[in-house]
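Colleague: One structure, pasted below without further comment.
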Amino acid sequence: MDPAFDRVLVVDFGAQYAQLIARRVREARVYSEIVPHTILAAEVAALRPAALVLSGGPASVHVEGAPRLDPDIYTLGIPIFGICYGAQLIAQQLGGVVAHTGRGEYGRTALRVTGTRSALFADLPPEQDVWMSHFDSIQTAPAGFDVTASTSEAPVAALESLERRILGVQFHPEVAHTARGQEVLEHFLFDVAGCRPTWTMASIIDTSVEAIRAQVGTEKVICGLSGGVDSAVAAALVHKAVGDQLTCVFVDTGLMRAGEADQVEETFRRQFRVDLVHVKAADRFLDALEDIADPERKRKIIGETFIRVFEEVAAEHADARFLVQGTLYPDIIESGTKDAAKIKSHHNVGGLPDDMQFSLVEPLRSLFKDEVRRLGEQLGLPEDIVWRQPFPGPGLAVRIVGTITRERVDVLRAADAVVTEEIKRAGLYRELWQSFAVLPAVRTVGVMGDERTYAYPIVIRAVTSDDAMTADWARLPYDVLERISTRLINEVPGVNRVALDITSKPPGTIEWE
Ligand code: XMP
Numbered sequence: 000m001d002p003a004f005d006r007v008l009v010v011d012f013g014a015q016y017a018q019l020i021a022r023r024v025r026e027a028r029v030y031s032e033i034v035p036h037t038i039l040a041a042e043v044a045a046l047r048p049a050a051l052v053l054s055g056g057p058a059s060v061h062v063e064g065a066p067r068l069d070p071d072i073y074t075l076g077i078p079i080f081g082i083c084y085g086a087q088l089i090a091q092q093l094g095g096v097v098a099h100t101g102r103g104e105y106g107r108t109a110l111r112v113t114g115t116r117s118a119l120f121a122d123l124p125p126e127q128d129v130w131m132s133h134f135d136s137i138q139t140a141p142a143g144f145d146v147t148a149s150t151s152e153a154p155v156a157a158l159e160s161l162e163r164r165i166l167g168v169q170f171h172p173e174v175a176h177t178a179r180g181q182e183v184l185e186h187f188l189f190d191v192a193g194c195r196p197t198w199t200m201a202s203i204i205d206t207s208v209e210a211i212r213a214q215v216g217t218e219k220v221i222c223g224l225s226g227g228v229d230s231a232v233a234a235a236l237v238h239k240a241v242g243d244q245l246t247c248v249f250v251d252t253g254l255m256r257a258g259e260a261d262q263v264e265e266t267f268r269r270q271f272r273v274d275l276v277h278v279k280a281a282d283r284f285l286d287a288l289e290d291i292a293d294p295e296r297k298r299k300i301i302g303e304t305f306i307r308v309f310e311e312v313a314a315e316h317a318d319a320r321f322l323v324q325g326t327l328y329p330d331i332i333e334s335g336t337k338d339a340a341k342i343k344s345h346h347n348v349g350g351l352p353d354d355m356q357f358s359l360v361e362p363l364r365s366l367f368k369d370e371v372r373r374l375g376e377q378l379g380l381p382e383d384i385v386w387r388q389p390f391p392g393p394g395l396a397v398r399i400v401g402t403i404t405r406e407r408v409d410v411l412r413a414a415d416a417v418v419t420e421e422i423k424r425a426g427l428y429r430e431l432w433q434s435f436a437v438l439p440a441v442r443t444v445g446v447m448g449d450e451r452t453y454a455y456p457i458v459i460r461a462v463t464s465d466d467a468m469t470a471d472w473a474r475l476p477y478d479v480l481e482r483i484s485t486r487l488i489n490e491v492p493g494v495n496r497v498a499l500d501i502t503s504k505p506p507g508t509i510e511w512e
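Each residue of the sequence shown is one higher than the last, beginning at 0 in numbering that gives the first Met the number 0.
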């Protein structure tokens, strides 16, 4: 049978490069997967890919032990496109010359298309700016290859063998600075490799629904909802596939953002008509946290209480065989391929004990975060859920410094709602990685009306980031800060001062605890 999607393998010679290329291939509506560069020809053949893309990487082909491609892969007849380091490897492994000229190229560079027999640059202007980042240069293309572009420092900026369907470019077509880069990549995918652009959101849903049905059969399935986007999209997809066989569990820890529990009720129970168990466990969590100030103990207590609550619900659904998890593709790459060694953001929400006897359903395991959001939109989930900023599993607890009382949780939740509303109103919510309120453990003196007050400050924390590993404090406009400050003081009882956290990460963390 004809599989629904062509598969392109992106061979990883350097993590950031490979992930970006994989995403660009997917933007062309061709499914892509990242594989380690140690992959053998037989393994490639077994995966039956429509094409291979060799990524860039930080190494020099001349260094002892520099990563190579299994040379037998070149003889499989599968179309290959090398980018930067990948192009140099093609040149070197197939008999060309790559040299240390001592003159690399970095940044925007003028590229001239030279050959007439070019598939990559068909319909593109003879001169274009491309993004370069290389030290070594290909000096001579292997026999049988046409040199189809060059720059002032790189005589072979593109090489193409249309007979063997092996091509390479010295520049980075995957970065936004190479304005026509996506077209170059698509020329390879469609015109050289003959890939079909069938990987669309609608077809992803169809294929996932089929796969979930095949895996689950007539068994019962449980899914924990956190209020966040991943579990929501996973649940919506599984519900589309198996309907009433799915039970969703939402544990309200009493440490959620304002309106979060209502949003889950509204969306899943009323809109999707999902069988939803809403556990109102705030008292249990807050009682267990009484008098606890140490951040790690807070996390531990919340984690353990969560597991106990979930176990109780699971015991009432003892016939469920499957558990849905919102694992994403980057989680898999990080544990899977050696070179894509990005560090995973810590402790996943509501980790469950290993002795729970469930088989996992992971319908998002081949998707990047932005793809999950688009899928959520396509499935009809509300914008508030689909575009929700990340929120830690222990919830507001890691934003309350010192002891957690019901009163302090209420203060923080109300303050957080004000910050979120104003950030959204200013149109900044999606571009910020996170923006929220923090409640420190001090009180300070103020004056409101004729009276002296002794109340809490609220700290505004807003950061930009790509992956939470590093972050910068967001330069929020003064008028937005002013509105937040005024509203916090006027509307949130117990607050008499507002401060702004201007610490980047490192040295600071995003959360305060
Ligand atoms: P930090 O504060 O370490 O946070 O800079 C990095 C990212 O992780 C989130 N975070 C957590 N997520 N459980 C979670 O599920 C936690 O205990 C936890 N602590 C921090 C934080 O919101 C940020 O996105």
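We put the CB at the ideal spot given by N, CA and C, even for glycine.
Near Val-371, which residues of its chain fall below 7 Å by C-beta distance, leaving aside the five closest residues on each side in sequence?
Modeller: For this step, residue 371 is matched to residue 372 along the sequence shown. Within the same chain, Val-371 has close Cβ partners Val-228, Asp-229, Val-232, Leu-327 and Leu-363.
Colleague: Helix, strand or coil: which one does DSSP assign to Thr-246?
Modeller: Locating residue 246 in the sequence shown gives position 247, where the first residue counts as 1. Note: Thr-246 maps to strand in three-state DSSP.
Colleague: When the cut-off is 8 Å and only beta carbons count, does Leu-88 lie next to chain C?
Modeller: In the displayed structure, chain C is absent; only one protein chain is listed.
Colleague: For Lys-297, count neighbouring C-beta atoms within 10 Å of its own C-beta (all shown protein chains included) and say buried if the count is 16 or more, exposed if not.
Modeller: Indexing the sequence shown from 1 puts residue 297 at position 298. Flag for Lys-297 reads buried.
Colleague: Any heavy atom of the ligand XMP closer than 7 Å to the beta-carbon of Gly-223?
Modeller: The sequence position of residue 223 within the sequence shown is 224, counting from 1. No, the Cβ of Gly-223 stays beyond 7 Å of every heavy atom of the ligand XMP.
Colleague: Check whether the region 214–225 and the region 238–248 touch, using three or more Cβ-Cβ pairs below 8 Å as the test.
Modeller: Yes: the two stretches touch, three or more of their Cβ pairs being nearer than 8 Å.
Colleague: Could you compute how far the alpha carbon of Ser-225 sits from the alpha carbon of Leu-366?
Modeller: Here residue 225 is taken as the residue at index 226 of the sequence shown, counted from 1. Here residue 366 is taken as the residue at index 367 of the sequence shown, counted from 1. Ser-225 and Leu-366: Cα-Cα distance of roughly 19 Å.
Colleague: Is Gln-244 near the ligand XMP, in the sense that its beta carbon is under 7 Å from a heavy atom of that ligand?
Modeller: Position 245 of the sequence shown, counting from 1, holds the residue named residue 244. No.
Colleague: Let me check understanding here. Comparing Cα to Cα, which of Thr-252, Ala-292 and Arg-272 lies closest to Phe-284?
Modeller: Residue numbering aside, residue 284 sits at position 285 when the sequence shown is read from its first letter. Minimum Cα distance to Phe-284 is reached at Thr-252.
Colleague: For the region 210–263, which segments carrying the alpha helix (DSSP H) assignment without a break, of at least 4 residues, lie completely within its bounds, in sequence order?
Modeller: Qualifying alpha helix (DSSP H) stretches, in chain order: 228–241 and 259–263.
Colleague: Measure the C-alpha to C-alpha separation of Val-241 and Glu-512 and round it to an integer number of angstroms.
Modeller: If you number the sequence shown from 1, residue 241 lands on position 242. If you number the sequence shown from 1, residue 512 lands on position 513. Val-241 and Glu-512: Cα-Cα distance of roughly 40 Å.
Colleague: Measuring CA to CA, which of Pro-154, Val-250, Ala-317 and Glu-310 is closest to Ala-90?
Modeller: Within the sequence shown, residue 90 is the residue found at index 91, counting from 1. Among Pro-154, Val-250, Ala-317 and Glu-310, the Cα nearest to that of Ala-90 belongs to Pro-154.
Colleague: Would you give the residue range spanned by the beta strand (DSSP E) that Ile-483 belongs to?
Modeller: Within the sequence shown, the letter at position 484 stands for residue 483. Looking at the DSSP string, Ile-483 is not in any beta strand (DSSP E); the run it does join, the alpha helix (DSSP H), is 477–490.
Colleague: Helix, strand or coil for Ala-443, going by three-state DSSP, please let me know.
Modeller: Within the sequence shown, numbered from 1, the residue matching residue 443 stands at position 444. As written in the sequence, residue 443 is Thr, which differs from the Ala given in the question. The answer is strand: DSSP assigns Thr-443 an E or B state.
Colleague: Taking the DSSP output, what are the residues bridged to Met-131?
Modeller: Here residue 131 is taken as the residue at index 132 of the sequence shown, counted from 1. Paired residues: Gly-106.
Colleague: Thinking C-beta only, is Ile-509 closer than 8 Å to Ile-483?
Modeller: Here residue 483 is taken as the residue at index 484 of the sequence shown, counted from 1. Here residue 509 is taken as the residue at index 510 of the sequence shown, counted from 1. No. Outside cutoff.
Colleague: What are the boundary residues of the alpha helix (DSSP H) that includes Tyr-455?
Modeller: On the sequence shown, residue 455 is found 456 positions in, with the first residue counted as 1. Segment 450–463 is the beta strand (DSSP E) holding Tyr-455; no alpha helix (DSSP H) there.
Colleague: Specify the secondary structure class of Ile-331 as computed by DSSP and reduced to three states.
Modeller: Mapped onto the sequence shown, residue 331 falls at position 332. Note: Ile-331 maps to helix in three-state DSSP.
Colleague: May I have the straight-line CA-CA distance separating Arg-373 from Arg-22, to the nearest angstrom?
Modeller: Start at 1 with the first residue of the sequence shown, and residue 373 comes out as number 374. Start at 1 with the first residue of the sequence shown, and residue 22 comes out as number 23. One C-alpha to the other measures close to 14 Å.
Colleague: Judging by CA-CA distance, which residue of His-277, Arg-451, Thr-469 and Ala-473 is the nearest neighbour of Ala-461?
Modeller: Mapped onto the sequence shown, residue 461 falls at position 462. The option with the nearest alpha carbon to Ala-461 is Ala-473.
Colleague: Since I believe Pro-389 is in contact with Val-397 (beta carbons under 8 Å), could you give me their beta-carbon distance rounded to a whole number of angstroms?
Modeller: On the sequence shown, position 398 is the one that residue 397 refers to. On the sequence shown, position 390 is the one that residue 389 refers to. Rounded, the Cβ-Cβ distance is 12 Å, inconsistent with contact.
Colleague: Checking 8 Å against the spacing of the C-beta atoms, do Ile-165 and Ile-301 come in under that value?
Modeller: Locating residue 165 in the sequence shown gives position 166, counting from the first residue. Locating residue 301 in the sequence shown gives position 302, counting from the first residue. No, the Cβ-Cβ distance between Ile-165 and Ile-301 is not below 8 Å.
Colleague: Would you mind working out which of Thr-199, Arg-107 and Val-441 sits nearest Gln-377, comparing C-alpha positions?
Modeller: For the purposes of this step, residue 377 is taken as residue 378 along the sequence shown, with counting starting at 1. Among Thr-199, Arg-107 and Val-441, the Cα nearest to that of Gln-377 belongs to Thr-199.
Colleague: Residue range of the beta strand (DSSP E) that Glu-430 falls in?
Modeller: Position 431 of the sequence shown, counting from 1, holds the residue named residue 430. Here Glu-430 belongs to no beta strand (DSSP E), and DSSP marks it neither H nor E.
Colleague: Measuring alpha carbon to alpha carbon, tell me which of Arg-429, Phe-435, Gly-426 and Arg-405 ends up nearest Thr-419.
Modeller: Here residue 419 corresponds to residue number 420 of the sequence shown, with the count starting at 1. Among Arg-429, Phe-435, Gly-426 and Arg-405, the Cα nearest to that of Thr-419 is on Phe-435.
Colleague: Leu-513: buried (16+ other C-beta within 10 angstroms of its C-beta) or exposed?
Modeller: Residue 513 lies beyond the range of the chain shown here (0 to 512); nothing can be said about it.
Colleague: Glu-104 to Ala-98, Cα distance in whole Å?
Modeller: Here residue 104 refers to the residue found at position 105 of the sequence shown. Here residue 98 refers to the residue found at position 99 of the sequence shown. Their Cα atoms are separated by approximately 13 Å.
Colleague: Using 8 Å as the threshold, is the region 174–192 in touch with the region 104–122, meaning 3 or more CB pairs across them?
Modeller: In short, these stretches touch, since the Cβ pair count reaches three.
Colleague: Do the region 442–457 and the region 419–433 meet, that is, are 3 or more Cβ pairs less than 8 Å apart?
Modeller: Taking 8 Å as the limit for Cβ pairs, the verdict is that the region 419–433 does not touch the region 442–457.
Colleague: By the three-class DSSP mapping on this structure, what secondary structure does Glu-512 have?
Modeller: Taking the first residue of the sequence shown as 1, we reach residue 512 at position 513. DSSP places Glu-512 in coil when its eight states are reduced to three.
Colleague: Grab me the residues of Leu-188's own chain with a C-beta within less than 6 Å of its C-beta, minus the 5 sequence neighbours each way, in chain order.
Modeller: On the sequence shown, position 189 is the one that residue 188 refers to. Excluding residues within five positions, the ones whose Cβ falls inside 6 Å are Ala-27, Val-29 and Cys-194.
Colleague: Taking Cβ positions, are Ile-82 and His-171 nearer each other than 8 Å?
Modeller: Counting from 1 along the sequence shown, the entry for residue 82 is found at position 83. Counting from 1 along the sequence shown, the entry for residue 171 is found at position 172. Going by C-beta atoms, Ile-82 is nearer than 8 Å to His-171.
Colleague: If you run the structure through DSSP and keep just helix, strand and coil, what is Glu-382?
Modeller: Looking up residue 382 in the sequence shown gives position 383. Glu-382 falls in the helix class under three-state DSSP.
Colleague: How is the alpha helix (DSSP H) around Glu-185 delimited, first residue to last?
Modeller: Residue mapping note: residue 185 aligns to position 186 of the sequence shown, counting from 1. Per DSSP, Glu-185 belongs to the alpha helix (DSSP H) from 180–185.
Colleague: For Gln-356, does the three-state DSSP call read helix, strand or coil?
Modeller: As a position in the sequence shown, residue 356 is number 357, starting the count at 1. Coil at Gln-356, not helix or strand.
Colleague: If you pair each beta-carbon of the region 38–58 with each one of the region 122–130, do three or more pairs fall below 8 Å?
Modeller: Taking 8 Å as the limit for Cβ pairs, the verdict is that the region 122–130 does not touch the region 38–58.
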